Amino acid sequence: MTSTAKAPTLRLERTFAASGHRILAGCDEVGRGALAGPVSVGMVAVDLATVRSLKGVRDSKLLTVTDRNALVPQIKKWSLAWGVGHASAAEIDLHGLTAALRIAGTRAWDQVCQTLRPDVVLLDGNYNWLSPERQGSLFDVDEPAGGEEPGCTAPVHTRIKADMQCLSVAAASVLAKVERDAMMVEFAASNPHYSWEINKGYATGSHRAAIDVHGPTPLHRMSWRLGSKPRPGEPVLEPEDELSIVGG
Numbered sequence: 024m025t026s027t028a029k030a031p032t033l034r035l036e037r038t039f040a041a042s043g044h045r046i047l048a049g050c051d052e053v054g055r056g057a058l059a060g061p062v063s064v065g066m067v068a069v070d071l072a073t074v075r076s077l078k079g080v081r082d083s084k085l086l087t088v089t090d091r092n093a094l095v096p097q098i099k100k101w102s103l104a105w106g107v108g109h110a111s112a113a114e115i116d117l118h119g120l121t122a123a124l125r126i127a128g129t130r131a132w133d134q135v136c137q138t139l140r141p142d143v144v145l146l147d148g149n150y151n152w153l154s155p156e157r158q159g160s161l162f163d164v165d166e167p168a169g170g171e172e173p174g175c176t177a178p179v180h181t182r183i184k185a186d187m188q189c190l191s192v193a194a195a196s197v198l199a200k201v202e203r204d205a206m207m208v209e210f211a212a213s214n215p216h217y218s219w220e221i222n223k224g225y226a227t228g229s230h231r232a233a234i235d236v237h238g239p240t241p242l243h244r245m246s247w248r249l250g251s252k253p254r255p256g257e258p259v260l261e262p263e264d265e266l267s268i269v270g271g
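Quick note on my numbering: the sequence shown kicks off at 24 and runs consecutively.
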């Protein structure tokens, strides 16, 4: 499954040095489209002045399980600091997916900040879900008690397909996917009907069929359509639509 696509580079990351940045964190999420399990966010910090390329890293979806697992210790050694944060299915149901991504990203950010504080973040996609939402008030007091707003405090720059093009982001995607996949395999042991060790919680036809028969578990995202039958007024996904999100 290893892709022959062009390998991600540090070309974009190094452009941030011209703006005075030194420590950059690449960031990516996995599990966005799953029916069960957490959404997970990986973050990898590098020193723009000294970082070198790392062979073999690709967007996690383009690598075999063996290759991803082999890369994990290499990525951790290569980076200055790293983190993987998770937001549970219950948190997704309670807060919504975008807020859950922010929760998971904040947990990854906090792990990185135990070692150092990046001064810029490069985030895969076209929307900054990582930065804390600032809530206005009648008196323009929008900082929580204690004076420090939780979450990522560095400027966040988004880039579509950064996981394909940018080495730090691709490395973050590998760490997040390996850790989340391992969680789903562990969950599968006590929930054998859903084949999570194979589908990792994504919306395959067999996963939906198992929910029809056995019902959902507390690890399922209850606010999502889970079984094979749509809710009233909900469009039916074609099989190719469902398969397109498996493995993200």
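Just so it is clear, CB atoms sit at the ideal spot from N, CA and C, and this is done for glycine as well.
Being a predicted model, the structure only gives us computed values, none of them experimental.
Between the CA atoms of residue j and residue i - distance to the nearest angstrom
i	j	result
Leu124	Ala110	7 Å
Gly128	Ser63	8 Å
Thr138	Ala226	37 Å
Ser42	Ala211	47 Å
Trp132	Ile183	21 Å
Lys29	Ser83	14 Å
Trp101	Leu77	8 Å
Cys189	Thr38	12 Å
Arg91	Asp116	30 Å
Arg140	Arg75	20 Å
Glu171	Arg231	Low confidence applies here, because Glu171 scores a pLDDT of 41, under 50, leaving its location unreliable and the question unanswered by this model.
Leu33	Val69	10 Å
Ala195	Trp247	27 Å
9 Å Cβ cutoff met for residue i and residue j
i	j	result
Met66	Val144	yes
Ala59	Pro178	no
Val135	Ala48	yes
Val80	Val197	yes
Glu114	Pro173	no
Ile126	Gly108	yes
Arg55	Leu103	no
According to DSSP, residues forming a beta bridge with residue i
i	result
His180	Leu145
Checklist entry - If we count Cβ pairs, one from each stretch, closer than 8 Å, do we get three or more for the stretch 136-150 versus the stretch 89-97? => result no
Next on the checklist: Contact between the stretch 204-224 and the stretch 236-248 is defined here as three or more beta-carbon pairs at a separation below 8 Å; is this criterion met?
Outcome noted: yes
Item to check | beta strand (DSSP E) runs wholly inside the stretch 53-108, at least 3 long, in chain order | outcome: 62-70
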